[in-house]
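So the sequences go chain by chain: A and B.
If you count the first sequence from 1, you need to add 21 to reach the numbering used here.
If you count the second sequence from 1, you need to add 21 to reach the numbering used here.
Everything below concerns the one structure shown next.
2 protein chains.
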Amino acid sequence: MADALLETLRAIVGPAHVLVDEGEIAPFLTDWRGRFTGRARAVLLPLDTAQVAAIVAACLDAHVPIVPQGGRTGLVLGSVPDASGNAIVLSLRRLNRIRAIDVANRTMTVEAGCILAAIQAAAAQAGMLFPLSLAAEGSCTIGGNLSTNAGGTAVLRYGNTRELCLGLEVVTAQGQVWDGLRGLRKDNTGYALRELFIGAEGTLGVITAAVLKLYPAPQAALTALVALESPRHALALLGLLQARCGATLTGFELMSAFCLQLVAHHFPDLPRPFSRTHPHYALVELSSNESSQHAQGLLETALGAALEDGVALDAVVAASVQQALGLWRLREHIPLAQAAAGKNIKHDISLPVSRIPDFILHADAALQAAFPGCQPVTFGHLGDGNLHYNIAPPVDVGHEAFLANQAAINRIVHDAVTLFGGSISAEHGIGALKRDELAHYKSPVELDMMRAIKAALDPLGIMNPGKIL
Amino acid sequence: MADALLETLRAIVGPAHVLVDEGEIAPFLTDWRGRFTGRARAVLLPLDTAQVAAIVAACLDAHVPIVPQGGRTGLVLGSVPDASGNAIVLSLRRLNRIRAIDVANRTMTVEAGCILAAIQAAAAQAGMLFPLSLAAEGSCTIGGNLSTNAGGTAVLRYGNTRELCLGLEVVTAQGQVWDGLRGLRKDNTGYALRELFIGAEGTLGVITAAVLKLYPAPQAALTALVALESPRHALALLGLLQARCGATLTGFELMSAFCLQLVAHHFPDLPRPFSRTHPHYALVELSSNESSQHAQGLLETALGAALEDGVALDAVVAASVQQALGLWRLREHIPLAQAAAGKNIKHDISLPVSRIPDFILHADAALQAAFPGCQPVTFGHLGDGNLHYNIAPPVDVGHEAFLANQAAINRIVHDAVTLFGGSISAEHGIGALKRDELAHYKSPVELDMMRAIKAALDPLGIMNPGKIL
């Protein structure tokens with residue numbers, strides 16, 4: 022059967038685009054962090070939506086599972102096949118055309134395989150902004166961003182990928198093409214299918230194209246680093262900036278002193294904006310559609326008030342684009358500094374913004390009680406309630422040895438997250454990695470509804486099996 | 022069986038809250054516009070979520086359909102029962118508690134029966150803004166707003182009801198309580214159930230509570246009326262304002278000369294901002310988190326540029342809150358003026374914003390060809406691509422007689438909408454009224470997926486039957 026299927030697939034996409042050679046398919050089978058390598062019958066590289074539909078129909082006939090794959094930069098093993106070797110990998114990377122840009126409608130129609138950075142660049146060339154921005158933007162594809170509802174650094178102002186998408190084209194698990202490529206701000210004609218496919222991690226169908234929202238490009242952006250006594254003070258600063266600056270506030274990142282110490286240690290050439298160490302820092306970004314003077318006046322007045330009210334300890338405002346990039350580089354180098362220090366135990370959690378200070382106190386204490394001396398690397402998108410709360414070993418414990426505690430530490434952190442009304446996956450999704458955690462924490466009512474939807478839209482279970490559910 | 026069910030229901034909600042008397046239930050059976058009166062076994066007025074769950078479980082056992090009902094202000098017969106008399110009406114109006122306001126998280130947890138205006142007021146009392154605003158806000162409930170994904174006048178800046186909701190509590194069609202009351206900006210743990218219940222018009226379950234987003238209350242709002250030569254000029258003005266004012270632009274409503282003539286005729290006491298008639302008008306609103314000076318400077322500079330560039334013909338900026346209310350009253354009185362003039366044939370459509378000028382030209386011409394002299398009442402939320410494109414009779418034809426052409430005119434308008442990539446229901450939903458139109462225009466692929474989801478979550482079909490599908 023497999024051979025007959027391969028012949029069918031070769032007829033659909035052309036023999037050159039059906040990879041079966043072990044060496045050729047190897048790069049498609051290993052996840053981004055190199056933690057897992059699966060197996061597959063073949064890797065397919067279709068050119069267009071019609072080919073994707075024909076592939077799904079052929080696999081459906083043969084009862085062969087499909088693993089849709091974008092830039093393979095996901096962090097939860099969502100886009101690599103399992104070890105069974107049953108599946109075919111469906112790479113969308115040749116569906117990489119920008120189909121249309123409509124400046125007056127502030128939309129852009131793109132295929133799933135477009136690299137996020139290419140979309141940003143095309144928007145900029147049209148004088149517009151596509152605001153989705155995240156570390157993997159040079160490699161990740163919009164199809165993957167949509168399938169995982171990616172977050173990033175601009176969610177505070179512009180929302181998650183979900184909020185940036187107006188329409189989808191999807192190949193359903195039945196091998197049919199659903200043309201939902203609508204560029205509409207208001208459309209109430211039935212169930213929210215677009216929303217259902219977004220964040221479904223390829224388990225309900227294959228996203229092949231999307232209509233994305235564009236925004237007018239800001240005239241100016243301004244970045245500041247603010248020294249703070251505690252997460253509670255960070256929360257107060259966030260509230261102050263939101264009240265005064267409204268939608269001008271486009272970024273608000275929290276970093277603990279330990280984060281910047283790690284960065285300073287491993288990247289000594291990066292800037293050190295303050296002469297002394299402070300307990301916490303907020304990286305703040307304002308974007309103005311008016312002028313750099315406007316942004317500057319607004320930020321300086323707001324930070325002046327924060328210093329005067331005792332909300333902030335100190336602040337530096339970047340005086341140039343160069344300086345702003347330097348401040349952002351501190352934030353971006355936290356994951357790199359962690360990697361340089363050795364593996365730690367990572368969490369991608371979210372909480373009600375108001376609960377973050379209490380969560381940190383609670384989780385820090387619970388971890389210290391269980392693993393004295395362990396070192397939380399606390400940073401993240403505070404404005405969205407999203408923390409990357411990663412746990413490094415005590416100074417006298419090796420990183421590899423400490424990893425043995427991963428399950429126990431996950432339990433402590435995720436229990437605390439649940440206690441404070443949070444989520445165990447803020448922006449990375451579930452994939453295969455967090456499937457058991459999801460089953461542990463989600464209510465049976467919710468899991469039952471998810472299973473019912475999966476069974477309704479993919480009754481044979483061929484779409485990305487073993488992910489999410 | 023019915024009697025046994027009524028006994029069970031009385032035991033759940035108390036006899037006083039099971040209405041069966043014809044006179045008592047009559048107000049719950051007729052739609053807002055008075056076009057249809059259905060029948061029902063009883064009207065239930067539960068007090069809390071547990072009672073709602075028990076009601077659904079009892080009706081499920083008895084295979085008795087349920088029609089959830091909020092403020093009954095919907096325009097598509099979504100919340101009234103059909104003529105069969107089989108259903109019970111489940112009014113959520115006693116679930117009207119504001120459960121919590123969390124200013125630091127910018128969220129508010131409310132029950133489904135809360136009146137929208139009460140939610141706005143509670144937010145304002147906490148120094149915050151709940152931006153959803155629409156004509157029925159004094160009567161409609163948030164449960165209804167969520168179930169229809171209501172739009173309104175602030176969508177341009179804040180999005181539809183969907184974008185204003187972070188979490189839901191739902192009684193499923195199985196009579197179980199799903200606690201999805203999460204107040205999180207980022208949460209990627211499985212399928213978008215929240216999104217699925219929003220806009221489902223009570224056909225998949227009963228929304229009993231929600232976590233809503235709040236925004237800092239703006240410091241100042243500024244309103245202007247701009248005279249324009251054509252919808253194309255309105256589009257240019259929108260682009261100019263978006264580029265210069267960014268998120269400060271919170272409203273952009275289009276009105277044709279005929280709309281304001283109708284208003285002037287039926288409400289002669291309302292302001293007449295211009296001494297002469299212009300072909301089109303845009304009502305523009307800016308909201309600033311900074312100051313009224315900021316809003317004023319921004320708007321005056323932008324309108325100055327629009328006048329200089331030939332985008333605008335004339336403009337008046339409201340010099341006081343009173344004047345601003347007067348300008349908004351012109352917009353708000355369009356539906357009232359239409360009602361005073363006599364019934365017309367209404368449409369609630371959306372289009373890609375960029376296609377609106379061409380759509381109007383095309384649809385106007387098609388209608389004139391078929392019904393010479395008919396008078397389009399063209400107004401709406403241009404910033405969202407949402408037009409209320411209502412067709413009044415030629416001057417020499419009676420309003421009632423003209424209504425006989427409703428199906429033919431709907432077909433012309435909705436065909437044009439489809440041609441230009443639009444939607445036949447922008448913000449009102451489908452209900453029972455547009456069910457046939459939906460079946461006519463939606464693709465079989467999409468309808469099949471909708472039916473599969475309905476069958477998966479409500480296998481016995483007891484939730485609001487005959488609506489949407």
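Glycine is no exception: its CB is placed at the ideal position from the N, C-alpha and C atoms.
Predicted, not measured: the structure shown is a model, and the values here were computed from it.
- Remark: C-beta atoms of Pro67 (chain B) and Val110 (chain B) do not approach each other more closely than 8 Å.
- Listed along chain B, the residues sitting closer than 7 Å to Ala476 (chain A) by beta-carbon distance are Ala477.
- Nearest Cα to Arg376 (chain B) within the set B:His368, B:Val416, B:Ala391 and B:Val438: B:Val438.
- Interface flag for Ile109 (chain B) against chain A is unset, since no Cβ pair is found closer than 8 Å.
- Distance from the Cα of Gly134 (chain B) is smallest, within the candidate group B:Leu153, B:Gln90, B:Ala157 and B:Leu424, for B:Gln90.
- The beta carbon of Met471 (chain A) sits closer than 8 Å to some beta carbon of chain B.
- Its Cα nearest to that of Ile451 (chain A), the residue B:Asn209 stands out among B:Asn209, B:Asp379 and B:Pro465.
- Below the 7 Å Cβ cutoff, chain A contributes Leu256, Gly260, Val374 and Ser375 as neighbours of Ala125 (chain B), in chain order.
- Burial check for Asp405 (chain B): the Cβ neighbour count within 10 Å reaches 16 or more, so the residue is buried.
- Listed in chain order, the alpha helix (DSSP H) runs fully inside the region 232-268 of chain B are 252-266, counting runs of at least 4 residues.
- At least one beta carbon of chain B lies nearer than 8 Å to the beta carbon of Arg203 (chain A).
- Taking the Cα positions, Ala242 (chain B) is about 7 Å away from Ala316 (chain B).
- The alpha-carbon of Ile381 (chain B) is positioned some 18 Å away from that of Arg206 (chain A).
- Residue-level contact check: Lys463 (chain A) touches chain B, since one or more beta carbons of chain B fall below 8 Å from its beta carbon.
- By the Cβ test, the region 359-378 of chain B is in contact with the region 269-287 of chain B, since at least three Cβ pairs between them sit closer than 8 Å.
- In the structure shown, Ser154 (chain B) falls within a coil segment according to DSSP collapsed to helix, strand and coil.
- Burial check for Thr399 (chain B): the Cβ neighbour count within 10 Å reaches 16 or more, so the residue is buried.
- Between the C-alpha atoms of Thr174 (chain A) and Pro152 (chain A) there is a straight-line separation of about 9 Å.
- Residue range Ala63 to Leu65 is occupied by the beta strand (DSSP E) that includes Ala63 (chain B).
- Within chain A, no C-beta atom comes nearer than 8 Å to that of Ala362 (chain B); the closest sits roughly 26 Å away.
- With the criterion set as a beta carbon lying under 7 Å from some beta carbon of chain B, the members of the region 204-226 of chain A are Gly204, Leu205, Arg206, Lys207, Asp208, Asn209, Thr210, Gly211, Tyr212, Ala213, Leu214, Glu216, Leu217, Ile219, Gly220 and Ala221, in sequence order.
- The beta carbon of Gly394 (chain A) is closer than 6 Å to those of Pro415 in its chain, skipping five residues each way along the sequence.
- DSSP places Asp52 (chain B) outside both helix and strand once states are collapsed to three, so it counts as coil.
- Residue burial is scored here from C-beta neighbours: Ala37 (chain A) has fewer than 16 other C-beta atoms within 10 angstroms and is therefore classed as exposed.
- The beta-carbon separation of Ala358 (chain A) and Ala303 (chain A), rounded to 18 Å, does not stay under the 8 Å limit for a contact.
- Interface with chain A (8 Å Cβ-Cβ cutoff): Thr271 (chain B) is excluded.
- The criterion of a C-beta distance shorter than 8 Å is not satisfied by Ile122 (chain B) and Ala142 (chain B).
- Per DSSP, reduced to three states, the secondary structure at Thr130 (chain B) is strand.
- With a cut-off of 8 Å on Cβ pairs, the region 465-484 of chain A is not in contact with the region 233-251 of chain B, counting fewer than three such pairs.
- In the DSSP assignment, the residues bridged to Gly226 (chain A) are A:Thr193.
- Against Trp199 (chain A), the close residues of chain B are Ser464, Val466, Glu467 and Met470, in the order they occur along the chain (beta-carbon pairs closer than 8 Å).
- At a C-beta separation below 7 Å, Pro237 (chain A) has these neighbours in chain B: Gln263, Ala264 and Gly267.
- Within the same chain, and ignoring the five residues on either side of Gly106 (chain A) in sequence, the residues whose Cβ sits closer than 6 Å to its Cβ are Arg60.
- Proximity of Gly442 (chain A) to chain B, defined by a Cβ-Cβ separation below 8 Å, is satisfied.
- Taking a beta-carbon distance threshold of 8 Å, His286 (chain B) does not count as an interface residue toward chain A.
- For Thr182 (chain B) against Ile219 (chain B), the beta-carbon gap comes to about 7 Å, under 8 Å, which counts as contact.
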